[in-house]
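Novice: Take any residue in the sequence shown, count from 1 to its spot, add 5: that is its number in the working numbering.
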Amino acid sequence: MARGTIIIDQARCKGCTLCLAACPQEVIEIDDNVLNAKGYHPAVLVDPDNKCTGCAICTVVCPDACITVYREVRVRA
Ligand code: SF4
Ligand code: SF4
């Protein structure tokens, strides 16, 4: 399965939790330790077991385009 990761722009995140609900791997959480300038606790990737597949569902559902998805490229030998 494809491996991936995401970068969340926490400064722009509204903490709406749509990406949490949408992620099939359940690797996005709300970061209660961070309060951004807008006054929201933003989303954060918590993926110690590298379960993110790079499916991009999170970035599709984010209403503020805060999430950038990176997918591993595998080159055949
Ligand atoms: S790319 Fe897919 S698996 Fe990775 S965090 Fe987003 S929704 Fe979850
Ligand atoms: S969907 Fe976007 S705005 Fe909402 S919590 Fe996730 S990253 Fe933040």
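The C-beta atom is built at its ideal place from N, Cα and C for all residues, glycine as well.
Do you know how far the Cα of G9 is from the Cα of D54?
Specialist: Taking the sequence shown and counting its residues from 1, the one referred to as residue 54 is at position 49. Taking the sequence shown and counting its residues from 1, the one referred to as residue 9 is at position 4. So the alpha carbons of these two residues sit roughly 12 Å apart.
Novice: For the beta strand (DSSP E) that V65 lies in, which residues bound it at each end?
Specialist: Along the sequence shown, read from residue 1 onward, the residue named residue 65 stands at position 60. Not the beta strand (DSSP E): V65 falls in the alpha helix (DSSP H), residues 62–66.
Novice: Where do the ends of the beta strand (DSSP E) carrying L40 lie?
Specialist: As a first step, residue 40 must be located in the sequence shown, where it is residue number 35. Looking at the DSSP string, L40 is not in any beta strand (DSSP E), and its letter there is neither H nor E.
Novice: Which residue wins for smallest C-alpha separation from K19, given the options I12, P29, P68, E77?
Specialist: The residue labelled residue 19 in the question sits at position 14 within the sequence shown. When each option's Cα is compared against that of K19, the closest is P68.
Novice: Kindly list the residues whose CB is nearer than 7 Å to the CB of H46, restricted to its own chain and excluding five residues on each side of it in sequence; keep chain order.
Specialist: Numbered from 1 along the sequence shown, position 41 holds the residue referred to as residue 46. Here the set comprises G20, I35, D36, D37, V39, L40.
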